[in-house]
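Report on the structure given below.
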Amino acid sequence: MKKITLSPELTREVEAIYQAMQEEYDKIAGKIELTCTGCPDNCCDSYFFHHTYSEWAYLWQGLEQLDKDTLEQVMTQAKEYIALCAEPLAQGKQPQVMCPLNSEGRCVLYQHRMLICRTHGIPATLKVHTGDTIRFPGCFRCQEIVNEKYAAANDAPFMERSRFLKQLADVESRLFARKRHLYPKVKRTIAEMIVQGPPSVALPYCERER
Ligand code: SF4
Ligand code: SF4
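Using the numbering used here, you'd call the opening residue of the sequence shown number 6 and step up by one each time.
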């Protein structure tokens with residue numbers, strides 16, 4: 006198995022994408038006047054999959070900087086998370102379990118949190134491979150504000166997610182020297198990425214030294 010790590014250059018690119026998303030999020034949320042302060046909900050119990058080795062490797066860069074006790078605590082919580090999700094998943098239901106990186110309402114790896122954590126809340130659009138555009142209305146609190154403030158939901162400012170995903174896909178492609186298609190797809194929760202350790206892959210036959 007080959008451990009997948011981001012070079013300093015790709016690390017900087019992931020950070021730049023995350024930073025640009027953060028700035029876009031702040032701009033849109035500011036215009037809508039959406040803030041998480043005082044919200045009765047905590048979106049960190051939403052069930053999401055993540056799909057890139059790049060984000061998985063970047064997450065582990067953050068985990069490796071945690072002190073031993075905090076990392077052990079996160080690891081324990083990640084195992085509990087997976088166990089707690091098993092029952093709803095077996096029943097075909099969407100689990101609602103607090104993310105193992107959430108401690109008392111705060112993200113312990115805020116700088117390394119995933120792309121999806123950085124877009125959740127505000128209205129957004131995404132162009133899919135068919136050419137269609139999917140529109141996300143934002144969280145319940147955002148929708149309440151939008152309904153009050155704008156004549157139609159589509160009048161509200163929104164984040165165009167596709168360009169960030171495209172940039173991340175390019176990082177992912179270069180992480181595998183433009184041979185990403187030779188490696189398995191990723192579809193894991195944060196908890197699974199934590200419990201499984203830093204990403205590693207079996208080299209495809211054509212990439213092995215003979
Ligand atoms: S994103 Fe929306 S629902 Fe989630 S905590 Fe913030 S305001 Fe509340
Ligand atoms: S990584 Fe952080 S921001 Fe994302 S769901 Fe987990 S605790 Fe929340």
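For every residue, glycine included, the Cβ atom is placed at its ideal position computed from N, Cα and C.
query                                                                                                                                    : result
For a quick check, are the C-beta atoms of Asp87 and Ala196 less than 8 angstroms apart?                                                 : The residue asked about is misnamed: residue 87 is Ile in this sequence, not Asp. Cβ atoms of Ile87 and Ala196: closer than 8 angstroms.
Between Pro162 and Phe141, is the Cβ-Cβ spacing less than 8 angstroms?                                                                   : no
Once the 5 residues before and after Gln101 are set aside, which same chain residues still bring their CB inside 6 angstroms of it?      : Asp50
At what residue ranges does the segment 127-215 contain a whole run of the alpha helix (DSSP H), taking only runs of 4 or more?          : 145-154, 167-180, 195-200
If you pair each beta-carbon of the segment 200-212 with each one of the segment 146-157, do three or more pairs fall below 8 angstroms? : no
Which of the three DSSP states is assigned to His55 in this structure?                                                                   : strand
Would you say the beta carbon of Leu106 is closer than 7 angstroms to some non-hydrogen atom of ligand 2?                                : yes
Would you say Leu39 touches ligand 1, meaning its beta carbon is less than 7 angstroms from a heavy atom?                                : yes
Rounded C-beta distance between His117 and Cys48? I'm assuming under 8 angstroms.                                                        : That pair is no contact at about 17 angstroms.
Between the C-alpha atoms of Leu15 and Leu180, what's the straight-line distance to the nearest angstrom?                                : 8 angstroms
Would you decide whether Ser59 is buried or exposed? Buried here means 16 or more other CB atoms lie within 10 Å of its CB.              : buried
Does ligand 2 have even one heavy atom less than 7 angstroms from the beta-carbon of Arg193?                                             : no
Any chance the CB of Arg118 is under 7 angstroms from a heavy atom of ligand 2?                                                          : yes
Of the residues Ile22, Gly97, Cys147, Glu177, which one's Cα is nearest the Cα of Ile33?                                                 : Cys147
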